[in-house]
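Asks: Got a structure for you, written out below as structure tokens; questions coming shortly.
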Amino acid sequence: MLRCHQLIQYTLKLLVPFLRLRARLQHRAGMRAKPTSSAADGYAKLDSLLGDSRTLWRIWGLLPIFQWLISLERSPPATRTLLTIERLQGWSMLGYYPLEHLYYLVSHGIIPSSILSPTSFFSNKKKRITLDAGKLSIWSTRFWALYVFLHFAHLIEDRKLLKQRHSSIRKAKGTGLTREEKLEMQQRWDAFWSEVVINLGYLPLTIHWSLENGLFKNDVWVGIFGMIAAVASFRSGWKATALPPAPTLEEKEKKETASEMTSEKVAAYDVST
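Following the numbering used here, the numbering of the sequence shown begins with 5 at its first residue and continues without gaps.
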């Protein structure tokens with residue numbers, strides 16, 4: 005559902021400026037009374053609403069991170085390097101989520117923008133901490149950017165492991181890969197390249213939102229890079245839920261033969277009893 009919302013949101017981010025540009029051009033050509041588009045304004049509101057709902061949904065995002073960090077220690081990944089990278093990624097998310105939650109709550113006026121300092125409970129002087137929504141947003145995104153940079157290191161390690169697995173299968177058998185093994189490797193490489201594309205889409209966005217003045221002067225670039233990440237993410241999720249390919253005629257015959265042999269063995273066993 006979140007991937008679908010993401011895809012719709014970034015589609016709107018590209019559609020809104022196009023509609024506004026069209027309205028201005030039509031106004032200059034005398035085809036429109038005003039250089040504005042009511043449809044663009046409506047879609048912009050929907051875009052804002054979807055972004056708000058996605059942020060609200062992530063309010064529970066901290067719990068899976070704790071579960072992930074615990075599972076890392078119980079079932080570590082294949083290499084020490086991957087373990088280190090994933091630990092750092094988990095810790096970066098421990099910085100990202102609380103700051104984003106604070107930003108969301110402050111920007112919506114749910115909590116005050118000024119709170120008592122914890123030291124005030126141990127002192128007669130009442131000190132207050134100012135919660136600036138803009139700074140909270142920037143720092144939360146910087147932790148997300150750290151995660152994205154670390155994920156490139158993760159992908160480099162993943163590529164090494166995939167190549168090693170492919171070589172080990174070929175050496176163990178001394179022949180080419182079977183259909184099932186080829187399909188497995190194809191799915192693994194497909195998932196790998198999907199992650200590469202998603203990360204390449206997120207990289208400029210996280211840099212843009214991590215800077216006070218931003219990286220792009222035109223927000224259309226946000227829509228473009230966001231769309232790249234959204235489409236790749238949606239495709240990855242879609243393929244993960246796809247049905248396995250239909251077996252070939254040869255595989256069907258082998259399965260039927262094995263089934264017949266099994267039924268004969270079971271029948272013989274039943275007679276003997």
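Virtual Cβ for every residue (Gly too), placed ideally from N, Cα, C.
Quick caveat, the model's predicted, so the values are computed rather than measured.
Taking the runs of the alpha helix (DSSP H) that are 4 residues or longer, which of them lie wholly in the segment 54-84?
Replies: The segment 54-84 contains these whole alpha helix (DSSP H) runs: 66-78.
Asks: Hey, is the segment 45-52 in contact with the segment 61-74, meaning 3+ C-beta pairs nearer than 8 angstroms?
Replies: With the cut-off at 8 angstroms, the segment 45-52 and the segment 61-74 do not touch.
Asks: Is THR210 helix, strand or coil when you go by DSSP?
Replies: The residue given as residue 210 occupies position 206 in the sequence shown. Helix, per DSSP.
Asks: Secondary structure at GLN118, three-state DSSP: helix, strand or coil?
Replies: The count along the sequence shown starts at 1 and reaches residue 118 at position 114. One point to set straight first is that residue 118 is Ser, not Gln, in the sequence displayed. Reduced to three states, the DSSP call for SER118 is strand.
Asks: Would you identify the three-state DSSP class for ARG192, choosing helix, strand or coil?
Replies: What you label residue 192 is simply residue 188 of the sequence shown in a count that begins at 1. ARG192: helix per DSSP, three-state reduction.
Asks: Between PHE153, GLY113 and LYS131, which has its C-alpha nearest ALA137's C-alpha?
Replies: Taking the first residue of the sequence shown as 1, we reach residue 137 at position 133. When only C-alpha atoms are compared, the closest one is GLY113.
Asks: Have a look at LEU207, THR15, TRP72 and TRP225 and flag the residue whose alpha-carbon is nearest the alpha-carbon of LEU154.
Replies: Against the sequence shown, residue 154 aligns to sequence position 150. Nearest C-alpha to LEU154: LEU207.
Asks: Since THR59 contacts TYR108 with CB under 8 angstroms, what's their CB separation in whole angstroms?
Replies: Walking along the sequence shown from the start, residue 59 turns up at place 55. Walking along the sequence shown from the start, residue 108 turns up at place 104. The pair is a contact, with the Cβ atoms about 5 angstroms apart (cut-off 8 angstroms).
Asks: Count the other CB atoms, across all protein chains shown, that sit within 10 Å of the CB of ASP51; report buried if there are 16 or more and exposed otherwise.
Replies: As a working mapping, residue 51 is identified with position 47 in the sequence shown. ASP51 comes out buried.
Asks: Within 10 angstroms of the Cβ of MET35, are there 16 or more other Cβ atoms? Answer buried if so, exposed if not.
Replies: Within the sequence shown, the letter at position 31 stands for residue 35. Label assigned to MET35: exposed.
Asks: Using only CA atoms, which one of THR245, LYS243, PHE238 and ILE173 lies nearest to THR15?
Replies: Working through the sequence shown from its first residue, we reach residue 15 at position 11. With distances taken between Cα atoms, THR15 lies closest to PHE238.
Asks: Starting from ARG239, trace the alpha helix (DSSP H) both ways and give me its first and last residue.
Replies: Your numbering for residue 239 matches position 235 in the sequence shown. That run of the alpha helix (DSSP H) goes 224-244.
Asks: Alpha carbon to alpha carbon, how far is VAL110 from ALA176?
Replies: In the sequence shown, the residue the question calls residue 110 occupies position 106. In the sequence shown, the residue the question calls residue 176 occupies position 172. Near 59 angstroms, if we compare the C-alpha coordinates of ALA176 and VAL110.
Asks: Which same chain residues end up closer than 7 angstroms to ALA82 when comparing Cβ atoms and leaving out the 5 residues on each side of it in sequence?
Replies: Position 78 of the sequence shown holds residue 82. Within the same chain, ALA82 has close Cβ partners LEU165.
Asks: Can you tell me where the beta strand (DSSP E) holding ARG132 begins and where it ends?
Replies: The residue given as residue 132 occupies position 128 in the sequence shown. That run of the beta strand (DSSP E) goes 132-134.
Asks: When DSSP labels each residue in this structure, what does PHE147 get in the three-state scheme?
Replies: Here residue 147 refers to the residue found at position 143 of the sequence shown. Residue state, collapsed to three classes: helix.
Asks: Kindly list the residues whose CB is nearer than 6 angstroms to the CB of TRP148, restricted to its own chain and excluding five residues on each side of it in sequence; keep chain order.
Replies: Stepping through the sequence shown from its first residue, residue 148 is reached at position 144. The answer, listed in chain order, is TYR100 and THR210.
Asks: ASP223 and PRO21 - do their beta-carbons sit closer together than 9 angstroms?
Replies: The residue labelled residue 21 in the question sits at position 17 within the sequence shown. The residue labelled residue 223 in the question sits at position 219 within the sequence shown. Cβ distance < 9 angstroms, so PRO21 and ASP223 count as in contact.
Asks: Assign GLY227 to buried or exposed, taking buried as 16 or more other Cβ atoms, counted over all protein chains shown, within 10 Å of its Cβ.
Replies: If you number the sequence shown from 1, residue 227 lands on position 223. Label assigned to GLY227: buried.
Asks: Between the C-alpha atoms of VAL235 and GLN10, what's the straight-line distance to the nearest angstrom?
Replies: Indexing the sequence shown from 1 puts residue 235 at position 231. Indexing the sequence shown from 1 puts residue 10 at position 6. So the two alpha carbons sit approximately 9 angstroms from each other.
Asks: Quick one: residues in its chain with C-beta nearer than 7 angstroms to the C-beta of ILE12, no 5 flanking neighbours on either side, listed in chain order?
Replies: For the purposes of this step, residue 12 is taken as the residue at position 8 of the sequence shown. Contacts found: LEU54.
Asks: Could you check how far apart the C-beta atoms of LEU23 and SER41 are, in whole angstroms? I think they sit under 8 angstroms.
Replies: As a first step, residue 23 must be located in the sequence shown, where it is residue number 19. As a first step, residue 41 must be located in the sequence shown, where it is residue number 37. Yes, LEU23 and SER41 are in contact; Cβ-Cβ is about 5 angstroms, under 8 angstroms.
Asks: Quick check: what's the CA-CA separation for LEU103 versus LYS167?
Replies: Position 99 of the sequence shown holds residue 103. Position 163 of the sequence shown holds residue 167. Taking the straight line joining both Cα atoms gives about 38 angstroms.
Asks: How long is the line joining the alpha carbons of GLY205 and SER240, rounded to whole angstroms?
Replies: Position 201 of the sequence shown, counted from the first residue, corresponds to residue 205. Position 236 of the sequence shown, counted from the first residue, corresponds to residue 240. Rounded to whole angstroms, GLY205 to SER240 spans 14 angstroms at the Cα level.
Asks: Can you say whether ASP162 is buried or exposed, counting buried as having 16 or more other CB atoms within 10 angstroms of its CB?
Replies: Taking the sequence shown and counting its residues from 1, the one referred to as residue 162 is at position 158. Classification for ASP162: buried.
Asks: By the three-class DSSP mapping on this structure, what secondary structure does THR266 have?
Replies: The count along the sequence shown starts at 1 and reaches residue 266 at position 262. Legend: pLDDT at THR266 = 41, less than 50; position of this residue unreliable, value from coordinates given subsequently. The answer is helix: DSSP assigns THR266 an H, G or I state.
Asks: Between the alpha carbons of GLN93 and PHE196, how many angstroms are there, rounded?
Replies: Within the sequence shown, residue 93 is the residue found at index 89, counting from 1. Within the sequence shown, residue 196 is the residue found at index 192, counting from 1. Near 18 angstroms, if we compare the C-alpha coordinates of PHE196 and GLN93.
Asks: In whole angstroms, what separates the C-alpha of THR245 from that of GLU216?
Replies: Here residue 245 refers to the residue found at position 241 when the sequence shown is read from its first residue. Here residue 216 refers to the residue found at position 212 when the sequence shown is read from its first residue. Whole-angstrom Cα-Cα distance: 40 angstroms.
Asks: Report yes if the CB atom of ARG91 is closer than 9 angstroms to the CB atom of LEU73, and no otherwise.
Replies: To locate residue 91, count along the sequence shown from 1; it is residue 87. To locate residue 73, count along the sequence shown from 1; it is residue 69. Yes, these two residues count as a Cβ contact at 9 angstroms.
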